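Report on the structure given below.
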Amino acid sequence: MGTSLLETFLLVLTLYSLLATAGVSIYGIVARPSITKKIISLTILGDSLNVLAIFVGFRVFSVPPVLLEHDTNSAGLIEFSRTAVDPLPQALVLTAIVIGLAVNFFLIFLALQIYRLYGTLDSRKIRELRG
Amino acid sequence: MHSVAVVPAFLVATAFALPLLYLRVRAIKVFHGVALAATVVALALSSHTYAHVLSRGAPVVYRMGGWPPPLGIVYEVDAFSALLAAYTALILVFVAVYSSWYLREDPGAPYYYSLLLGLEAGLIGIYYTGDAFNLFVMIEVLGITCYGLVAYYRNSREAVEAAFKYAFFGAMAGLLYFLAAVLTYSSFGNLTMGFVATTSRPIFRYLYPFTDLFVWGNVTGAVVLILALSLWTFTFKAGVFPNHFWLPDAHPAAPTPISAVLSGLVVNAGAYTSMRFLYTIFGVYDPLSTFYELSPYFKAVLSAVGAFSAIFASTMMLIQKDAKRLIAYSTIMHLGLVFTGFSLGTELGIRAATYHILAHSAGKALLFMSVGVAIEVSGTRRISELNAVGRLSPVVGASMVVAALSLVGLPPLGGFFSKFSLYQAFIEAGRFELVAVLLVSSGIALLGYLKVIQPAVFGIPPSGEGARRLGEWSLRASFLPLVALLIALNPLLVSWLLDRASEAVVYADGYISEALRSFVEYFGGVSAGG
Chain A
1 MGTSLLETFL
11 LVLTLYSLLA
21 TAGVSIYGIV
31 ARPSITKKII
41 SLTILGDSLN
51 VLAIFVGFRV
61 FSVPPVLLEH
71 DTNSAGLIEF
81 SRTAVDPLPQ
91 ALVLTAIVIG
101 LAVNFFLIFL
111 ALQIYRLYGT
121 LDSRKIRELR
131 G
Chain B
1 MHSVAVVPAF
11 LVATAFALPL
21 LYLRVRAIKV
31 FHGVALAATV
41 VALALSSHTY
51 AHVLSRGAPV
61 VYRMGGWPPP
71 LGIVYEVDAF
81 SALLAAYTAL
91 ILVFVAVYSS
101 WYLREDPGAP
111 YYYSLLLGLE
121 AGLIGIYYTG
131 DAFNLFVMIE
141 VLGITCYGLV
151 AYYRNSREAV
161 EAAFKYAFFG
171 AMAGLLYFLA
181 AVLTYSSFGN
191 LTMGFVATTS
201 RPIFRYLYPF
211 TDLFVWGNVT
221 GAVVLILALS
231 LWTFTFKAGV
241 FPNHFWLPDA
251 HPAAPTPISA
261 VLSGLVVNAG
271 AYTSMRFLYT
281 IFGVYDPLST
291 FYELSPYFKA
301 VLSAVGAFSA
311 IFASTMMLIQ
321 KDAKRLIAYS
331 TIMHLGLVFT
341 GFSLGTELGI
351 RAATYHILAH
361 SAGKALLFMS
371 VGVAIEVSGT
381 RRISELNAVG
391 RLSPVVGASM
401 VVAALSLVGL
411 PPLGGFFSKF
421 SLYQAFIEAG
431 RFELVAVLLV
441 SSGIALLGYL
451 KVIQPAVFGI
461 PPSGEGARRL
471 GEWSLRASFL
481 PLVALLIALN
491 PLLVSWLLDR
501 ASEAVVYADG
511 YISEALRSFV
521 EYFGGVSAGG
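If you read the sequences in order, they're chains A and B.
Sequential numbering from 1 applies to the first sequence in this note's numbering.
Sequential numbering from 1 applies to the second sequence in this note's numbering.
In structure tokens, the structure reads:
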């Protein structure tokens, strides 16, 4: 069950577009003055890294990593381990998403509080106001 | 009985229970008492773990939910991590006592203690964990409690801005570590530190052939990337140049006890994880490891980063007008020295770095808390307007002087012996330029400390309401034990503990074989039991 040229092309394309998305989001974090846009860039970075983690465990022509019959037929097990998707990166991503949710909530609350206290979300003006 | 797994779980449970308790109990005094009791229990449990590890002479492995190492999450505690965890718990007891003085009847106290106990759980979790992904979770637990505590004064412009900077770049650092963990999994096929360490050292693959299952070809390139990403995160946590930028804003903006915790304890987690990754897991400094060829680069980069941090931060101390900001810069300087210590790759270097972590934690916590008294009484953080609390309260004044002298490195205090062992380690490794860095940065820092000590101990005495609070028992109860601790950090007393800790870091075989033994025991038990 080899992968065709088209599938290889699509996989490589996915990988490079993920890396490009991560690069663009790092540009947004560093170069955009607006705090809202910085937070949006951070979530994009987080999502692209999460998809990258899923990508690590992915394989073409895969089956879900669930063993339906519980028997110790070793030929069946070998076939299963060849075709099943690796579930562990998905478990890692699930954890990372939950943590990201909490951190993003906190960042958005802080941004709101910054807006209340400084009257702006422009990080250049905030730096001036803080003195 | 495993006290290993109980500590973080107990602390997290107490942290979540405090806001619930606040629904029923409105007296703030109760929360001071409950939080203090929780830190004392955590100290007892983590000391018990430390004693257990020392008496066993080998790391202790705890399997979460009974799953064996490469499948499940494990806690693996050796003499180094157990020492740092017990020491953290010890200092947090005094911070909790001081918090009761600092917060008094503040209605936010239940939430404050909830976050503080969560922070302690995160720190001890980082020290205990034997799983690279669990480390990510613990870094985030530590991170989010720290951000919350820095933003404790949520109506202060400075605190909110500093907390945002800290939280935003902290979240980014966390993501980079997440990427490093995913790369570790994709190159090593598992996330258990002990097993990644096994696959890094070919000799163990001959001793235990089944570990060959995990090796996926030549992964040196991936390891460089993993170490680069994770060291970015760890230097961010440790506040070492070039990732120090958040520290001088965030540490002063927090409530004073939290400044002491952030500067004294949280930065240690960054140094600990760097040592764990460089020595135990990938064995960059271990001749047995496949990645030994990388050691010259890491040696050069880490010692340059540490030396620059020390010189840069000690110079920045001189131009500060804000007392807490000055002490925050001193943290960058000391962590820089710790990084130069373990960048050498020698056992003496590790020992000196560990010693300096211990001496710096106690000294910095004491200095922040005692200068915090002066700030609280004077009502300002400007150095020139500090009142001389030292004239009214000899305990506070003496604590301030002892803490500053220990940080500068004067005998017979802990800071002198730790700096002396750093000096010995530099000489032994033939790195004379680092000796110069150590002496010059200490000399410059001395001037910086004098700038604070002079008005706060010998200046104009305070008057009015603030002066009355100087005599409270909680100040004495938190300062005098820390002064005693600084005197007790004497080679005569701690040498043996430091030797055990540095052996545990330099020789990874104990760490590795305990992880493998846990695996073999489980499957041996399963097949024997049918």
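The beta carbon of each residue, even a glycine, is placed where N, CA and C say it ideally should be.
Predicted model only: the values in this text are computed from it and were never measured.
Would DSSP call residue i helix, strand or coil?
i              : result
V273 (chain B) : This sequence places Thr at residue 273 (chain B); Val is not what is there. Of the three classes helix, strand and coil, the one that applies to T273 (chain B) here is helix, per DSSP.
A84 (chain A)  : strand
E105 (chain B) : coil
D131 (chain B) : strand
V61 (chain B)  : strand
T120 (chain A) : coil
V284 (chain B) : coil
E428 (chain B) : helix
S34 (chain A)  : strand
V63 (chain A)  : strand
R391 (chain B) : helix
E140 (chain B) : helix
D78 (chain B)  : coil
T380 (chain B) : coil
T43 (chain A)  : helix
T39 (chain B)  : helix
T8 (chain A)   : helix
So, for residue i: in the same chain, excluding its five sequence neighbours on each side, which residues have a beta-carbon less than 6 Å away from its beta-carbon?
i              : result
S309 (chain B) : V240, F241, I332, G336
V261 (chain B) : V95
H244 (chain B) : I332
H334 (chain B) : H360
S41 (chain A)  : S25, G28, I29
D86 (chain A)  : G57
T340 (chain B) : S303, G306, A307, L434
V219 (chain B) : S187
A79 (chain B)  : V53, R500, A501, A504
V141 (chain B) : G122
L407 (chain B) : G363, G415
I258 (chain B) : L149
Buried or exposed: where does residue i fall if 16 or more other Cβ atoms within 10 Å of its Cβ makes it buried?
i              : result
V160 (chain B) : buried
V12 (chain A)  : exposed
N268 (chain B) : buried
W67 (chain B)  : exposed
I108 (chain A) : exposed
E209 (chain A) : Not covered by the structure: residue 209 (chain A). The range shown for chain A is 1 to 131.
Taking 6 Å as the cut-off, is the beta-carbon of residue i closer than that to any non-hydrogen atom of the ligand FAD?
i              : result
Y185 (chain B) : Looking at this structure, you won't find the ligand FAD or any other ligand, since it has none at all.
At least one CB of chain B closer than 7 Å to the CB of residue i: is that the case?
i              : result
G46 (chain A)  : yes
G19 (chain A)  : Residue identity differs from the one stated: residue 19 (chain A) is Leu in this sequence, not Gly. By this cut-off, L19 (chain A) is not an interface position.
Q90 (chain A)  : no
M1 (chain A)   : A caution first: M1 (chain A) carries a pLDDT of 45, below 50, which makes its placement in the model too unreliable to give a value.
A84 (chain A)  : no
I78 (chain A)  : no
L117 (chain A) : yes
I99 (chain A)  : yes
A53 (chain A)  : yes
How long is the line joining the alpha carbons of residue i and residue j, rounded to whole angstroms?
i              : j              : result
L366 (chain B) : V41 (chain B)  : 22 Å
L549 (chain B) : Q90 (chain A)  : Since the first residue of chain B shown is 1 and the last is 530, residue 549 (chain B) is not available in this structure.
T95 (chain A)  : S495 (chain B) : 41 Å
G194 (chain B) : A9 (chain B)   : 22 Å
E69 (chain A)  : A75 (chain A)  : 13 Å
L36 (chain B)  : G125 (chain B) : 20 Å
G283 (chain B) : A323 (chain B) : 41 Å
M316 (chain B) : F523 (chain B) : 57 Å
T273 (chain B) : L227 (chain B) : 11 Å
V7 (chain B)   : G33 (chain B)  : 19 Å
Kindly say whether residue i, judged by its beta-carbon, lies nearer than 7 Å to any beta-carbon of chain A.
i              : result
F188 (chain B) : no
R391 (chain B) : no
F133 (chain B) : yes
V223 (chain B) : no
F178 (chain B) : yes
R157 (chain B) : yes
A167 (chain B) : yes
V531 (chain B) : Look at the range of chain B in this structure, 1 to 530, and you will see that residue 531 (chain B) is not part of it.
A171 (chain B) : yes
Looking only at its own chain, which residues have a Cβ that is under 7 Å from the Cβ of residue i, when we skip the five neighbours before and after it?
i              : result
V506 (chain B) : Y279, E347, I350
L475 (chain B) : W101, V373, V395, V396
D249 (chain B) : A162, K165
Going by beta carbon distance, what residues of the same chain come within less than 8 Å of residue i, once the five residues before and after it are set aside?
i             : result
T43 (chain A) : G100, N104
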